[in-house]
Amino acid sequence: MKSLLILGAGGFGRMVAETAQALGYEKVVFLDDAVKDEAVIGMCCDYEIRHKEYPVAVAAFGNNKMRLYWTDKLLEEGYEVPAIVHPSAVVSPSAVLEPGCFVMQRAVVNTNTRIGRAVLVNSGAIVDHNSVVCAGAHVGLGSVVKSDCTIESGRKVEAGEVIFSTRRKIEGVDSRSLEDAVYAFGFGQQCSYVKPFGEGHINETYAVYMPGVDGKDTPLYVLQRININVFKNPDQVMANIFGVTEYLRGMIREAGGDLDREALSYIKTKSGESYFEDADGQPWRCLHYVPDSVCYQMVERPEQFYQSALSFGHFLKQLGDYPAESLYETIPKFHDTVKRFHDFKDALRKDVKNRARLCREEIEFVLAREDDCSVLMKQLEEGILPLRVTHNDTKLNNILFDKNTGEGLCIIDLDTIMPGLAANDFGDSIRFGASTAEEDEKDLNKVHFDIELYRIYVKGYLEMAKDVLTPAENASLPWGARLMTLECGMRFLADFLQGDVYFKTTYPEHNLVRARTQFRLVKEMEEQFDQMQEIVETF
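Counting the sequence shown from 1 gives a position; this note's numbering is that position plus 18.
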């Protein structure tokens, strides 16, 4: 015979008895210190001697403290203490019900909730998804606990009361804006901690760690605040990103590739928006973390540069049929080298920080190359070079590599996805990767253009992209390397003159040092330009 021992024979105890009978318990008896009738077989302290006769028991007291106390006593004694759920209640299969809790008539317990031991969810109450009701609490008649709430142990939610989402302290979250963003994407209740991530110059980036299946915290998401000083229309940035990444996922799926690792996967907010705007008007976006990946800040081995060439060449090829004209120009005239030259001259004319006196040699270097700046733009205007979907920031550190095989996985940092020239993407890779030093190396004797690294990159890039590129585009690649390096140097120098308003700096001369490295590379490219062209023709 299926039997149940109930501690507490008051009004709530009798409700539990009726529920137990509806659940199929054939014999229900009570222990109570005050009530006397034929169903009460002893006092509460008799629970120990009744264990053998009645191995299943619950504590059905309306008082939170008493219910929790006696539930723990029953568990310590070794009783089976079930959760009691009325047949009319609705409980999600994903909800966790701990021992001795009660879910009464027509109550609703939604997805991914946790109902602690000795909790009472009373008749008609609703506990919405991803909420936690801690041990000994009482969710009153007809009350509502909304999603992502935590009801503290022993608390009583009064009848008809509505409890709104509560926030918990998340380690590493040191601002309200970051906290709002974590909650906007739905990570607030589960997030273990947040920490700065990556080494980008422009956006503020964090890794979001979540509890793993093995009990270890795992980075599952990347949260970024978009720099609106640079990207003034974040809606357009995100429209481009979602369009391109969803297109790439389709191609990867058709090819039988790994969707979780070969393309970035961006996440919309809980309200379905492509980004979250905080109280200060700052936009935040979120994407999945790519596991077992690594990012390199500079070329450590030639094979890495070859893999980056394959990656960016493949990226261009994958997007060969994507309509470039459908993309927003998120930074107007971003790689218009003629405009960049005029911007530089404007910064020089204004000299708002009185810094021109510190860089006369670098200024003259730029001014002497005005005619070079129009080489590719003129070919674009004349229709010789086509517009393509381009990344426009093809440094080595914008590729994720498989940390086990060393192969390129996917392209990251997609803010600057927009119409552009293949030569510009190619050139920016060479500018960054075919240098023997980092772009802020102070000792220029360490900075050289490595023609062999250039050869390696040309080989890998054209292996992937040659059948997509036109002959004119092939011929433009060496100019892309030369002009992207000059353009970057101009941008660093202009930012130095303007007071470091674009690039992140760590000391006053940082942008000037960066400009000097780029100009050293330009000079050596000019000296080896014939050889650079011959290498492209070879492949």
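Ideal Cβ positions, reconstructed from N, Cα and C, are used throughout, including at glycine.
Nearest residue (CA-CA) to Leu-530, options Asp-461, Lys-484, Leu-471 = Asp-461
Whole-angstrom distance between Gly-230 and Met-33, CA atom to CA atom | 40 Å
Does the segment 403-415 touch the segment 239-255, meaning 3 or more C-beta pairs lie closer than 8 Å?
-> no
Collapsed DSSP secondary structure at Ala-327 in the structure displayed = Residue state, collapsed to three classes: helix.
Classification of Tyr-525 by the beta-carbon crowding that lies within 10 angstroms, buried from 16 upward | exposed
Can you check the segment 176-262 for any alpha helix (DSSP H) of at least 4 residues that lies completely inside it and give the ranges in chain order?
-> 194-202
From Arg-173 to Gly-160, what does the alpha carbon distance come to, in whole angstroms?
-> 16 Å
Element boundaries [alpha helix (DSSP H), containing Ala-35] = 29-40
Using CA coordinates, which residue listed in Tyr-472, Ala-493, Gly-178, Val-76 is at the minimum distance from Tyr-43?
-> Val-76
Exposure of Gln-322, with buried meaning 16 or more beta-carbon neighbours within 10 Å = With at least 16 other beta carbons inside 10 angstroms of its own, Gln-322 counts as buried.
Classify Arg-271 as buried or exposed, calling it buried when 16 or more other Cβ atoms lie within 10 Å of its own Cβ.
-> exposed
Pairwise C-alpha distance: Arg-124 and Pro-105 | 8 Å
Measure the Cβ-Cβ separation of Leu-515 and Arg-373 and say whether it is below 7 Å.
-> Yes. Within cutoff.
Pairing CB atoms from the segment 324-338 with CB atoms from the segment 475-492, are three or more of them under 8 Å?
-> yes
Cα-Cα separation, Lys-522 to Asp-192 | Distance between the alpha carbons of Lys-522 and Asp-192: 21 Å.
Can you tell me the Cβ-Cβ gap for Gly-498 and Ala-533, rounded? I've got them flagged as a contact below 8 Å.
-> That pair is no contact at about 19 Å.
So, is Ile-67 buried or exposed, given that buried needs 16 or more other C-beta atoms within 10 angstroms?
-> Exposed, since its Cβ has fewer than 16 Cβ neighbours within 10 Å.
In terms of DSSP beta bridges, what is Cys-506 paired with?
-> According to DSSP, which records beta bridges pairwise, Cys-506 is partnered with nothing at all.
What is the DSSP secondary structure of Tyr-284, reduced to helix, strand or coil?
-> strand
Short Cβ contact (7 Å threshold) for Val-540 with Leu-495 = The Cβ atoms of Val-540 and Leu-495 do not sit closer than 7 Å to each other.
Looking at Phe-557 and Leu-487, is the spacing between their C-beta atoms short of 7 Å?
-> no
What's the C-alpha gap between Ile-220 and Asn-415?
-> 13 Å
Backbone CA spacing between Glu-470 and Asp-548 [nearest angstrom] = 14 Å
Is it buried or exposed for Ala-202, if we count other Cβ within 10 angstroms and need 16 for buried?
-> buried
Should Ala-273 go down as buried or exposed, given a rule of 16 or more other Cβ atoms within 10 Å for buried?
-> When all chains shown are included, Ala-273 counts as exposed.
Stretch-stretch touch, CB-based, cutoff 8 Å, three pairs: the segment 56-75 with the segment 86-104 | yes
Rounded C-alpha distance that separates Lys-213 from Tyr-224 | The straight-line gap from Cα to Cα measures roughly 5 Å.
Nearest-angstrom Cβ-Cβ length linking Gly-134 and Phe-79, presumed shorter than 8 Å | Not really, about 16 Å apart at Cβ, beyond 8 Å.
Given Val-384, which residues of its chain have a CB within under 7 Å of its CB, disregarding the five upstream and five downstream residues?
-> Counting only Cβ-Cβ distances below 7 Å, and skipping sequence neighbours, we find Phe-362, Met-508, Leu-511.
In terms of alpha-carbon separation, which member of Asp-364, Ala-40, Cys-62, Phe-444 lies closest to Asp-50?
-> Cys-62
Continuous alpha helix (DSSP H) stretch holding Asp-548: start and end | 547-556
Three-way DSSP call (helix, strand, coil) for Asp-485 in this model | coil
Exposure of Ser-326, with buried meaning 16 or more beta-carbon neighbours within 10 Å = buried
Only counting runs of 3 or more residues, tell me where the beta strand (DSSP E) segments fall wholly within the segment 412-496, in order along the chain.
-> 417-420, 426-429, 436-438
Quick one, which of Leu-439, Gly-438, Pro-437, Phe-419 has its alpha-carbon nearest Ile-430's?
-> Considering only alpha carbons, the answer is Phe-419.
Could you say which of Ala-107, Asn-247, Val-109 lies nearest to Arg-520 if we only look at CA atoms?
-> The sequence as given places Tyr at residue 520; Arg does not occur at that position. Nearest C-alpha to Tyr-520: Asn-247.
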